[in-house]
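Q: Per this note's numbering, the sequence shown starts with residue -18, numbered consecutively.
Even glycine gets a Cβ: it sits at the ideal position worked out from N, Cα and C.
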Amino acid sequence: MPTNFCRHGFAVASLLVTLLTSATASAGRTASAGRTAATTDGSSLITVVIDAGHGGHDRGGIPGQRIPEKEVTLDVAQRLRNVLAASGYRVVMTRDSDVFVPLATRVAIANSYRNAVFVCIHFNATKRMGAEGIETYFYSRDSLPLASAIHYYVVGGAPSANRGVRRRGYYVLRKTSIPAVLVECGFLTNPTEAAYAQTASYRQKLAEEIAAGVRGRNSVASAVSTTRVATSENIPLQPYIDQTKVAKSSHHRSKHSHKKSARRKKSSSKPAGSEASSALTDREG
Ligand SMILES: [Zn+2]
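#1: According to DSSP, I115 sits in a beta bridge with which residue or residues?
#2: Just to confirm my understanding: we take S141, look at its own chain, exclude 5 residues before and 5 after, and list those with CB closer than 7 Å. What are they?
#3: Less than 8 Å separating the beta-carbons of V164 and I90?
#4: Can you tell which of L84, D39, A176 has its C-alpha closest to the C-alpha of A139?
#5: V72 lies in the beta strand (DSSP E); which residues open and close that run?
#6: Who are the near neighbours of R40 in its chain, counting only those whose CB is closer than 8 Å to its CB and skipping five residues on each side?
#7: For a quick check, are the C-beta atoms of R38 and F81 less than 8 Å apart?
#8: Which partner residues of T28 appear in the DSSP bridge assignment?
#9: Buried or exposed for N96, going by 16 or more other Cβ atoms inside 10 Å?
#10: Taking C-alpha atoms, which residue in S182, T28, P44 lies nearest to V100?
#11: Using a threshold of 7 Å, is the CB atom of G138 nearer than that to any non-hydrogen atom of ligand 1?
#12: Should R62 be labelled buried (16 or more other beta-carbon atoms within 10 Å of its own) or exposed?
#13: When the Cα of S121 is compared with those of L169, K186, I159, which residue comes out closest?
#14: Please check the pair T75 and D32, which I expect to be a contact at CB under 8 Å, by giving their CB distance rounded to whole angstroms.
#15: With C-beta atoms as the reference, is A188 less than 8 Å away from R60?
#16: In chain order, what residues of the same chain lie with their CB nearer than 8 Å to the CB of V88, ignoring the 5 residues before and after it?
#17: Going by DSSP in three states, D77 sits in which element: helix, strand or coil?
#18: Work out the CA separation of P44 and Y134 for me, nearest whole Å.
#19: So does G194 have its beta carbon nearer than 7 Å to some heavy atom of ligand 1?
#20: Quick one: is the Cβ of H35 within less than 7 Å of any heavy atom of ligand 1?
#21: Cα-Cα, which of L169, G194, V201 is closest to V53?
#22: With DSSP as the reference, label G167 as helix, strand or coil.
#23: Expressed to the nearest angstrom, what Euclidean distance is found between the alpha-carbon atoms of S201 and A67?
#24: Indicate the three-state DSSP secondary structure (helix, strand or coil) for R148 in the structure shown.
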C-alpha cells in the first residue's frame, strides 16, 4: 500500500493542490454546514436516493470476476445511507438487499422525489488488471456540480488514481429528472483496489467521502469550475448504447448492463498512451 499510495497520491495531489488553494475555504465551510444540511442546505429538506449497483442475478463486473460487485456496492450504499441519515438527510434506497431491481425501476424511484439527488454506487472491472482509479459520471448539466463535488472528495480520500469526472449517457443518468451521479469506486479487477474494496474501513471511508460530496455539492462545484478541472465545456459526451434494450437482451446473462454504454469492439486494439484513451477500453466492468 505505501508504494501504491505514494504513486497515486502524487496524481491526486496534482489535482488537489490546484483545488485546495481556492477550495479549502469553501470546502471547510461545507464540512461544517453539512451537519445541519437537512434544514439549512438550500431551501428545504434534500432527499438522497442511493442506488446500489446491480443485485440479485446481476452480479456486476465481468465474467469470472472474483469479488461480486453487487455486494460491495450494497455495502457502500448502506454505509452512505447511515452517514447521510446521521447528517439529517432523508435517504431512500433503490435496493437494500441482494435483489435485482430493473434500471427503469431505479429511475422511477428517483423521479418520484422532488428536491432530491440520485447517487449510484458502482465498482469498475476490466480484463486489464492494471486498470485502476476512480471516475465519476454525470449526464445532465444540472448534475455536474454534484459529480464534481463527489469526485473531489472521493479522489481526495482514496489512495487510487484520479480518472476524472466524465459525461456519459448511462440509462440511470439520462432518465433521471433530478441531479444524478454514478461513482465508480475503483477496479475490483485490480489487485490493490480489490483489496481496498474488501476492507470495511475503506468502504466506510468511501461512504463518508461521497457524503461529503453530497453536502458540498454547491460550494465545491464552483471551486472546481473556476479551476477548469471539470467544467461541462471540457467534458465531451461519451458514446453509449440504449441500456434498456441491452438489459432486456442480456437479462439472463447477468450482464453489467449499465456499462454496455461503452461501445467497444473486442477486436479493437487497445490504444496506448494516455489514461483517457485507454479508459475507453476499460469500460466493461
Ligand atoms: Zn457496476
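A: According to the structure shown:
#1: The sequence position of residue 115 within the sequence shown is 134, counting from 1. In the DSSP output, where bridge partners are listed per residue, I115 has N143.
#2: As a first step, residue 141 is located in the sequence shown; it is residue number 160 there, counting from the start. Once the five neighbours on either side are set aside, the close Cβ partners of S141 are H(-11), E113, G114, I115, G167, E174.
#3: As a first step, residue 164 is located in the sequence shown; it is residue number 183 there, counting from the start. As a first step, residue 90 is located in the sequence shown; it is residue number 109 there, counting from the start. Between V164 and I90, the CB-CB gap reaches or exceeds 8 Å.
#4: For the purposes of this step, residue 139 is taken as residue 158 along the sequence shown, with counting starting at 1. When only C-alpha atoms are compared, the closest one is A176.
#5: For the purposes of this step, residue 72 is identified with residue 91 of the sequence shown, where counting begins at 1. It spans 71 to 74 - the beta strand (DSSP E) in which V72 sits, taken as one unbroken run.
#6: For the purposes of this step, residue 40 is taken as residue 59 along the sequence shown, with counting starting at 1. Around R40: Q46, P49, E50, K51, S235.
#7: Your numbering for residue 38 matches position 57 in the sequence shown. Your numbering for residue 81 matches position 100 in the sequence shown. Before going further, note that residue 38 is His rather than Arg in the sequence given. Pairing H38 with F81 gives a Cβ-Cβ distance under 8 Å.
#8: Translated into positions along the sequence shown, residue 28 becomes position 47. Answer by DSSP bridge pairing, in chain order: R71, A97.
#9: Reading the sequence shown from its first residue, position 115 is the one you call residue 96. So N96 counts as exposed.
#10: Translated into the one-based positions of the sequence shown, residue 100 becomes position 119. Scanning S182, T28, P44 for the CA closest to the CA of V100 turns up T28.
#11: Reading the sequence shown from its first residue, position 157 is the one you call residue 138. For ligand 1, not one heavy atom lies less than 7 Å from the Cβ of G138.
#12: The residue labelled residue 62 in the question sits at position 81 within the sequence shown. R62 should be labelled buried.
#13: Here residue 121 refers to the residue found at position 140 when the sequence shown is read from its first residue. Out of L169, K186, I159, I159 has the C-alpha closest to the C-alpha of S121.
#14: To locate residue 75, count along the sequence shown from 1; it is residue 94. To locate residue 32, count along the sequence shown from 1; it is residue 51. Separation of the CB atoms of T75 and D32 is rounded to 4 Å, and the pair is thereby assigned contact status at 8 Å.
#15: Looking up residue 188 in the sequence shown gives position 207. Looking up residue 60 in the sequence shown gives position 79. Between A188 and R60, the C-beta gap is smaller than 8 Å, which places the two residues in contact.
#16: As a first step, residue 88 must be located in the sequence shown, where it is residue number 107. Only Y152, V153, K156, T157 meet the Cβ criterion.
#17: Translated into positions along the sequence shown, residue 77 becomes position 96. Coil, per DSSP.
#18: As a working mapping, residue 134 is identified with position 153 in the sequence shown. As a working mapping, residue 44 is identified with position 63 in the sequence shown. Counting only the Cα atoms, P44 lies some 31 Å from Y134.
#19: By one-based count along the sequence shown, residue 194 stands at place 213. Because no heavy atom of ligand 1 lies under 7 Å away, the Cβ of G194 does not count as near it: no.
#20: Against the sequence shown, residue 35 aligns to sequence position 54. Yes - ligand 1 has a heavy atom lying nearer than 7 Å to the Cβ of H35.
#21: Position 72 of the sequence shown holds residue 53. When only C-alpha atoms are compared, the closest one is L169.
#22: Residue mapping note: residue 167 aligns to position 186 of the sequence shown, counting from 1. When DSSP states are grouped into helix, strand and coil, G167 belongs to the strand group.
#23: On the sequence shown, residue 201 is found 220 positions in, with the first residue counted as 1. On the sequence shown, residue 67 is found 86 positions in, with the first residue counted as 1. What sits at residue 201 in the sequence shown is Val, not Ser. The C-alpha of A67 is placed about 21 Å away from the C-alpha of V201.
#24: Numbered from 1 along the sequence shown, position 167 holds the residue referred to as residue 148. In the structure shown, R148 falls within a strand segment according to DSSP collapsed to helix, strand and coil.
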